[in-house]
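What follows is one structure encoded as structure tokens, with my remarks underneath.
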Amino acid sequence: MMTKMKRYAWVWTVVALVAFTSAGWLQTAGAAEAAGVPVVQWSPHAVYKGRQIVMGPTGARGWVNGSTIGVTFVSKASPAFGVLQVHDTVIGVGGKVFKAGSDPRVPFGNAITEAETQAKGGKLSLRIIRDGKEQDAVVPIAVMGSYSPTWPYDCAKSSRILDEACAHLARAQYPDGHIPAEVGMATAWCGLLFLASDDAKYQDNARRAAYWIAARTWEKDSLNCWPSGYSGLLLAEYYLATGDKTVLPTLGELSSFLAETQMKCGSWGHNGPWGGYGAVNQVGLVCLMAMVLSNECGLEVDMAAMKRSLGFFERYADKGWVPYGDHRPYMGNNGNGKSALAAVVFDLVGGHAPAVRAFAGTVASSYAYREDGHTGPYFSFFWGPLAARRADDAAFRKFLDEQRWYYDLARTYDGGVVCQPNSENLSGRTPGSYTWSGPGYTTSGMALFYALPQKKLRILGAPRGPFAARVSAAVKQLRDNWVNRKVRPFADKLEEMQDAKLSDDDRRMVDTLAAVAARQSQSVKLTLASLIADAREGDVYSAAEKLKSLEQLIGKDAPEFADARKVIESDARWIESGKRYYEAWAAIKEVSDEYWHYYGKQAMAVMDGVEPIMTLPWQPLVPASEHVAQSWKTTQLAAGDNVPAGWASVGFDDAKWVEKNAPGGNPGGKVLLMRKALTLHDASFAKLRLRLIGGKGQTAKVYINGVLVVNATNGDAKRYSPIDLPDEARRLLTKGANVLAVTMQSEGNTKVDVALDAIVGR
């Protein structure tokens, strides 16, 4: 599958097979081996969660290291716990070793697909290296069945994946309806998936997500188009699917806000036209989509702004793919979701068949390039299948089948679906936000295409329904009764229309209204049972929030709420404490937000001015240049030149070398040598660490007194990364003269700086 998937040199650079310790990936060679000091083979890929792949439903994460996968984490609740360890290197699957120079993710994903069949019984067979020895390991994953030839259509496995994804998000949703995540779109994304499932047990989740968004204050001075666009999309889809008009006032405000923040070209930026940043078509297309569906809901929309945007984006049809901003079309057939968004939005508008065909066709043929994309490929996977479905059946089938391995590799054991890291995430240019397994980020968008068969959302191909503004007079009366909560008139009119002679389109509308009413009735019953169970189990706050959403839907005086209200009121004192618990938990989760790698912005705010219990007394032996520039002796060699003998040792004569301030840089292709002398009056240290800042495509080697201690690949260009050294490295430092030396080579003009810190022995 997907043998033509684009590969990246930065990922697949082959390095020696290694074992993992708390210090990093280790190997011994050369002088270090003679000195008995393990060499730390370091890369940000093995350190930051946002740069590690999810190893499918095993519950493990890993670092793609050449044609192997090094295990970096194993969840205690997962199938892999007790089978895989954080020191293992996976070198093959199903009795076959990964082909040298190949992408090991592809056979790993295909092995998951096969292992989940009834025939294989969930046995995922791996070949691993542990403690330097090869051995077999079998991870017992869940049996999901086989994909149908037409998946996700007529496919039990696809239906189960969709249900598990919804359940995963439902567990993460807070009682007030929101999904805690770094960005404001998460709740809207999750609401779309709940709604798309067409399952009554998730309708309350969709409803609370929509209500949470509808209750927010949209202040004009924030001018953020990202959450505004996606929030408008959810509210419009929610109304068109349910007829719940309580969300329409906020949707109208959002539509007006989007018209006001549109740029003259017809697109949108991150925060409107202010601040000097230009158009960002990724968000611009979502803003346009929200306006299009707001218009379909019957709200007053700035038609001039909408037409301006349609004209702006339609000019890219059949000329390449939609660019980043107000630019010429980009050549190729990907676009990281932008061309896909264009295909969907022009299909929603109607009357733009050539544009839909052009955009959908280019997306459907891009199956080998889906991982390209600024900040990560999440939007490519979110919108790509929705656009490809609007191409012909053969193109859609090819598009999905070539990526099947990716989707199975992206699934977690607890129902999540995670967008894997791409080139930018791994290089350090962007932090890998969309690769985290947190539910609000990727599960909703990655799993959305599994709901294509249900066709319950307009973006998933649902036809215009009865809640669209323009319907026949006969349907309008029935629809208005439902929207205005006239329960008895609606029921009477529905019964009357069951035997009436109607056009095919009107019959479809009536049947849809009957289905909406039945689904809401079932949802209300399920929600009442759920909230009573919550209250009896002690989560009174959750019960109260669910009741609040039902009261907003039907009315506070609904007689069916009486029993539930009594249960909640009997323990009402626990509502406020429960609310505080959830708020505290949200703050704690923010601390682990890896965008702020070490502390988390919430922790920094809370701890401001508070003395920590204990600090690690790290003392700089060789300071970093982050505050005060540090001078090093440097020289450059052409690739292939011999490195001077003993250059990294104390006795080497570097008098002819140039003295420069760090960080040191070099023209692409050359080798940079750096030396820093240090004199120690005491060499009794309890622990040593390096702090390294580097760059994409860079290899740096660090020596202490001539002994290699760290071999770093693809440094992090934005921050100094701490690298703990093994205890054996402490004896390399001596009282008196010492030298820290660095050699660096890169594909481009990158820079490097190294600091050496110590904890003084006691």
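Counting from 1 along the sequence shown, just add 3 to a position and that's the residue number in this note's numbering. Where a beta carbon is used, it is the ideal one built from N, C-alpha and C, also for glycine.
Going along the chain, which residues of its own chain have a beta-carbon closer than 7 Å to the beta-carbon of residue i, five neighbours each way excluded?
i      : result
Trp386 : Gly340, Ala343, Leu344 and Val347
Asp329 : Cys268, Ser270, Gly281 and Ala282
Leu165 : Ser200, Ala450, Tyr453 and Ala454
Ala203 : Arg522, Gln525, Ser526 and Leu529
Phe399 : Ala367, Ala391 and Arg392
For residue i, which residues does DSSP report across the bridge?
i      : result
Trp588 : Looking at the DSSP assignment, Trp588 forms no beta bridge with any residue, so it has no partner.
Val712 : Looking at the DSSP assignment, Val712 forms no beta bridge with any residue, so it has no partner.
Asp76  : Sequence check: residue 76 is Phe here, not Asp. According to DSSP, which records beta bridges pairwise, Phe76 is partnered with Arg64.
His273 : Gly275
Gln639 : Leu675
Thr245 : Note: Thr245 sits in no beta bridge, so no partner.
Thr71  : Asn68
Tyr333 : Trp324
Asp760 : Pro623 and Arg692
Ile726 : Leu693
Ser749 : Gln701
Leu683 : Gly739
Gly667 : Val755
Would you give the residue range spanned by the alpha helix (DSSP H) that residue i belongs to?
i      : result
Pro143 : Looking at the DSSP string, Pro143 is not in any alpha helix (DSSP H); the run it does join, the beta strand (DSSP E), is Lys136 to Pro143.
Tyr544 : Val543 to Ile557
Asn113 : Arg108 to Ala118
Gly255 : Leu251 to Glu263
Tyr214 : Gln206 to Ala217
Leu198 : Ala189 to Ala199
Ala168 : Ala159 to Ala175
Gly364 : Ala356 to Ala367
Lys489 : No alpha helix (DSSP H) contains Lys489, which DSSP labels as neither H nor E.
Lys310 : Met306 to Glu317
Leu302 : Run containing Leu302: none; DSSP gives neither H nor E here.
Taking the straight line between their C-alpha atoms, what separation do you get for residue i and residue j?
i      : j      : result
Gly97  : Gly418 : 24 Å
Phe688 : Leu172 : 48 Å
Trp229 : Cys290 : 8 Å
Ser440 : Val420 : With a pLDDT of only 42 at Ser440, under the threshold of 50, the placement of this residue in the model should not be trusted; the figure read from the coordinates follows. Rounded to whole angstroms, Ser440 to Val420 spans 8 Å at the Cα level.
Ser524 : Gln206 : 11 Å
Glu374 : Leu198 : 27 Å
Lys549 : Arg568 : 11 Å
Lys489 : Ala520 : 12 Å
Gly39  : Gly275 : 59 Å
Gln55  : Ile696 : 19 Å
Ala361 : Ser447 : 27 Å
Ser258 : Ser231 : 9 Å
Ala471 : Ser383 : 29 Å
Pro473 : Ala239 : Per the sequence shown, the amino acid found at residue 473 is Arg instead of Pro. Cα to Cα, the separation comes out at about 15 Å.
Tyr410 : Gly112 : 8 Å
Pro252 : Ala308 : 20 Å
How is the beta strand (DSSP E) around residue i delimited, first residue to last?
i      : result
Gln285 : It is not in any beta strand (DSSP E) - Gln285 instead sits in the alpha helix (DSSP H) that spans Asn284 to Glu299.
Asn664 : Val661 to Asn664
Phe655 : Premise fails: Phe655 is in no beta strand (DSSP E) and is neither H nor E.
Val86  : No beta strand (DSSP E) contains Val86, which DSSP labels as neither H nor E.
Arg692 : Phe688 to Ile696
Trp182 : The displayed chain sequence assigns Ile, not Trp, to residue 182. Careful: Ile182 lies outside any beta strand (DSSP E) and carries neither H nor E.
Lys401 : Run containing Lys401: none in the beta strand (DSSP E); it sits in the alpha helix (DSSP H), Asp396 to Asp404.
Within its chain, find whatever has a CB closer than 6 Å to the CB of residue i; leave out the 5 residues flanking it on each side and keep chain order.
i      : result
Thr120 : Ser149
Lys582 : Tyr544
Val325 : Asn284, Tyr319, Gly338, Lys341, Ser342 and Ala345
Phe76  : Arg64
So what's residue i in DSSP terms, helix, strand or just coil?
i      : result
Leu505 : coil
Leu20  : At Leu20 the pLDDT is 27, less than 50, meaning the model places this residue with poor confidence and gives no usable figure here.
Val93  : strand
Arg130 : strand
Thr445 : coil
Thr415 : coil
Pro388 : helix
Tyr280 : coil
Arg734 : helix
Ser533 : helix
Lys3   : The requested residue 3 is not part of the displayed model; the chain covers only 4 to 765.
Ser634 : strand
Val755 : strand
Gly235 : helix
Ala744 : strand
Got a sec? Which residues, its chain only, sit under 8 Å from residue i by beta carbon, not counting five neighbours each side?
i     : result
Ala35 : Interpretation of Ala35 is limited by its pLDDT of 47, a score under 50 that renders its predicted location unreliable; the figure taken from the coordinates is listed afterwards. These residues qualify, in order along the chain: Pro41, Val42, Val710, Leu711 and Val712.
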